[in-house]
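Chains as they are written, first to last, in this note's numbering: chain A, 1 to 304; chain B, 1001 to 1236. Where is the CB? At the ideal position from N, CA and C, for every residue including glycine. Inspection log for the structure reproduced underneath, given as structure tokens.
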């Protein structure tokens, strides 16, 4: 029997789940917009950020109380991530610049392995709870439907970040500079754009955004070094479906994937929970065949 | 007053030495051409000025040494370089390309006036203002490249073979605009061009490069009267 209550909850959960895919996907889009690369380490960096936030919060809470301690931990995670992202660009990725882009992408896979291993080494592979504002199961009722507080928080946070990013890339000089260096950094430098500095800003922004996603996920499922591996797959699907150069499209695609996945698992008996991971990939293939630039991407017309 | 001066400039790509003693100077308000065959080092000379290649010798602009500077710093000093291949920012629109040109400027009002000036100079661009640069024809992309360089309000405009790959009539119209720009603003220019007939429309003197050295220089009139130049570059 169709149950409206279940249906609405499936959608709400899907939007929240999709928001996490979206956050990671947005981070990937930022790095791609500045360097033209896909950073496979983005999820790993987000996990590291969440561990740093957890450690900072746990140190701060006994001193300043739980609310200020949680805020302090999140700010520390975001700030440290920005610095780490910028440093990784300057001291690791910069060395691959001007070479084959494939080499640089493989280097990011190496970074993912390294960062995941380091997290395991420092914080072990056991689940560690993340101190957050409310328990992960908290919910409230709207017209007889239970909405998870975590879902709503996550959804609103990512929505706000998407708007800020869209504004940054389309409406500011910094965004214009970031886009220019991704297309042709040598040519951009001839217009006086400081390529090195902007690359660091791009990586830093992406890492800071990833940190927020990391904290939100940790608040729900607890911390473990590989907690983002599965998210990375969905985030990449969202990035491709949404179009690599469109933050707006990426978020819509991420929500769409997660909602579709939840609905398919619940309502299509031959899909079920075991096969639901296939849903985004079927969508991915269809988009790649029918509209290879992504649903919201700009078509690049090349004339010779 | 000398605006730009190169004395015995050398440059190499890895172990390959491409420039082996290039000297030239651009006076304030002057326009100088660089002529030479393929591989003579014309493009590399321009790259040496913009710090896009490892270089030696002396390069000064407005009396300041350029050698320790990076490309973006050279640009910030007032040198706008239209590179070989145009450097079009393909995924940006025409308007965004022009805004990138004005990246270092803070005077928003003057920038939008200058965009208007560029669109008057290159009316084709006005019709394409919202399209992505990759959709432009070769001639339009070259016009966009020049316009983008102008948006920086440079003291010196460096043009690397603006006629490359263009149909003769298109090349003519690009040079029409450059000539008009020179007449309007008296901007200093350094122009690399294979086609000396085109270059002579916008420069008052020129330097001839051969295998990485400057071998001859003179005013346009002197060079036009030189038999070797006639044979090699003017098709006479």
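Item to check | Short CB-CB distance (under 9 Å) between residue 190 of chain A and chain B | outcome: Answer yes: the Cβ-Cβ gap between residue 190 of chain A and chain B drops below 9 Å somewhere.
Checklist entry - Can you list, in chain order, the residues of its chain whose CB lies under 7 Å from that of residue 1171 of chain B, leaving out five sequence neighbours each side? => result Only 1163 and 1198 meet the Cβ criterion.
Checklist entry - Does the beta carbon of residue 151 of chain A sit closer than 9 Å to a beta carbon anywhere in chain B? => result Taking 9 Å as the CB threshold, residue 151 of chain A stays off the interface with chain B.
Checklist entry - Along the chain, which unbroken stretches of the alpha helix (DSSP H) at least 4 residues long are found entirely within the segment 166-239 of chain A? => result Listed in chain order, they are 173-183, 185-189 and 195-221.
Checklist entry - At least one CB of chain B closer than 9 Å to the CB of residue 246 of chain A: is that the case? => result Chain B contact via Cβ: absent.
Checklist entry - If you follow the alpha helix (DSSP H) that residue 1168 of chain B is part of, which residue opens it and which one closes it? => result In the DSSP assignment, residue 1168 of chain B falls within the alpha helix (DSSP H) that extends over 1168-1185.
Checklist entry - DSSP puts residue 1160 of chain B in a beta bridge; with which residues? => result Note: residue 1160 of chain B is bridge-paired with B:1192 in the DSSP secondary-structure output.
Checklist entry - Taking only beta-carbon atoms, is residue 163 of chain A less than 9 Å away from chain B? => result Cβ-Cβ to chain B under 9 Å: no for residue 163 of chain A.
Next on the checklist: Counting beta carbon pairs with one atom in the segment 175-184 of chain A and one in the segment 1-17 of chain A, are three or more of them shorter than 8 Å?
Outcome noted: Contact between the segment 1-17 of chain A and the segment 175-184 of chain A is absent, because fewer than three Cβ pairs lie under 8 Å.
Next on the checklist: Just to make sure I have the definition right: I need the residues of chain B whose C-beta is within less than 9 Å of the C-beta of residue 173 of chain A. Which are they?
Outcome noted: Those within 9 Å of residue 173 of chain A in chain B are 1099 and 1103.
Checklist entry - When burial is assigned at 16 or more other CB atoms within 10 Å of the CB, is residue 1128 of chain B buried or exposed? => result Buried, by the Cβ-count rule.
Checklist entry - Under 8 Å Cβ-Cβ, which residues of chain A neighbour residue 1148 of chain B? => result Close partners of residue 1148 of chain B in chain A (Cβ separation under 8 Å): 191.
Item to check | Reduced DSSP secondary structure (H/G/I, E/B, other) of residue 1027 of chain B | outcome: If DSSP states are grouped into helix, strand and coil, residue 1027 of chain B belongs with the strands.
Checklist entry - Should residue 1147 of chain B and residue 1157 of chain B be called a contact, given that it needs their Cβ atoms to be closer than 9 Å? => result The criterion of a C-beta distance shorter than 9 Å is not satisfied by residue 1147 of chain B and residue 1157 of chain B.
Checklist entry - How many angstroms separate the CA atom of residue 1224 of chain B from the CA atom of residue 1230 of chain B? => result A straight-line Cα-Cα distance of about 6 Å links residue 1224 of chain B and residue 1230 of chain B.
Checklist entry - Would residue 177 of chain A count as contacting chain B if we go by Cβ distances under 9 Å? => result Yes, residue 177 of chain A lies at the interface with chain B (some Cβ there is under 9 Å from its Cβ).
Checklist entry - Just curious, the beta strand (DSSP E) that residue 147 of chain A is in, first and last residue? => result First-last of the beta strand (DSSP E) with residue 147 of chain A: 145-148.
Checklist entry - Which word fits residue 127 of chain A, buried or exposed, when buried means at least 16 other C-beta atoms lie within 10 angstroms of its C-beta? => result It is exposed - the Cβ of residue 127 of chain A has fewer than 16 other Cβ atoms within 10 Å.
Checklist entry - chain A beta carbons: is any one of them nearer than 9 Å to that of residue 1110 of chain B? => result Not one chain A Cβ lies under 9 Å of residue 1110 of chain B.
Checklist entry - Which stretch, first to last residue, makes up the beta strand (DSSP E) that contains residue 1079 of chain B? => result Element bounds for residue 1079 of chain B: 1079-1082.
Next on the checklist: Could you check whether the Cβ of residue 1052 of chain B sits closer than 9 Å to any Cβ belonging to chain A?
Outcome noted: Yes - at least one Cβ of chain A is within 9 Å of the one on residue 1052 of chain B.
Item to check | Sequence-distant residues of its chain with Cβ nearer than 6 Å to residue 1139 of chain B (five each side left out) | outcome: Counting only Cβ-Cβ distances below 6 Å, and skipping sequence neighbours, we find 1166 and 1170.
Item to check | For residue 1021 of chain B, the three-state DSSP class (helix, strand or coil) | outcome: Reduced to three states, the DSSP call for residue 1021 of chain B is strand.
Next on the checklist: Runs of 4 residues minimum, wholly inside the segment 60-131 of chain A: which ones carry the alpha helix (DSSP H) assignment?
Outcome noted: Counting only runs of 4 or more, we get 66-91 and 101-123.
Next on the checklist: I want to verify the contact list: residues of chain B whose CB lies under 7 Å from the CB of residue 219 of chain A, in sequence order.
Outcome noted: Against residue 219 of chain A, chain B offers no close residue; the least beta-carbon distance is about 37 Å (beta-carbon pairs closer than 7 Å).
Next on the checklist: Against chain B, does residue 183 of chain A count as a neighbour if the rule is that its beta carbon must be under 9 Å from one of theirs?
Outcome noted: Yes - at least one Cβ of chain B is within 9 Å of the one on residue 183 of chain A.
Checklist entry - Helix, strand or coil: how does DSSP classify residue 1011 of chain B here? => result Residue 1011 of chain B: strand per DSSP, three-state reduction.
Checklist entry - Under three-state DSSP, which class holds residue 54 of chain A? => result Look at residue 54 of chain A here: in three-state DSSP terms it is helix.
Checklist entry - At a cut of 8 Å, does the segment 1064-1079 of chain B reach the segment 1018-1034 of chain B through at least three beta carbon pairs? => result Contact between the segment 1064-1079 of chain B and the segment 1018-1034 of chain B is absent, because fewer than three Cβ pairs lie under 8 Å.
Item to check | Separation of residue 279 of chain A from residue 204 of chain A, as counted between CA atoms | outcome: Those two C-alpha atoms are separated by around 32 Å.
Item to check | Cβ-based contacts, 7 Å cut-off: residues of the segment 1072-1084 of chain B near chain A | outcome: Residues are counted here when their Cβ sits less than 7 Å from a Cβ of chain A; for the segment 1072-1084 of chain B these are 1072, 1075, 1076, 1081 and 1083, given in chain order.
Next on the checklist: Going by beta-carbon coordinates alone, are residue 111 of chain A and residue 210 of chain A separated by less than 9 Å?
Outcome noted: In this structure, residue 111 of chain A keeps its C-beta atom at 9 Å or more from the C-beta atom of residue 210 of chain A.
Item to check | Neighbourhood of residue 1012 of chain B by C-beta, 7 Å cutoff - its chain only, sequence neighbours within 5 removed | outcome: Contacts found: 1018 and 1054.
Next on the checklist: Distance check for residue 160 of chain A and residue 304 of chain A, CA to CA, integer angstroms please.
Outcome noted: Legend: pLDDT at residue 304 of chain A = 44, less than 50; position of this residue unreliable, value from coordinates given subsequently. For residue 304 of chain A and residue 160 of chain A, the distance between alpha carbons rounds to 41 Å.
Next on the checklist: Run through chain A and tell me which residues come within less than 8 Å of residue 1152 of chain B, C-beta to C-beta.
Outcome noted: By Cβ distance, chain A contributes 191 and 192.
Checklist entry - What are the residues of the segment 137-149 of chain A that lie near chain B, defined by any Cβ-Cβ distance shorter than 7 Å? => result Within the segment 137-149 of chain A, no residue qualifies.
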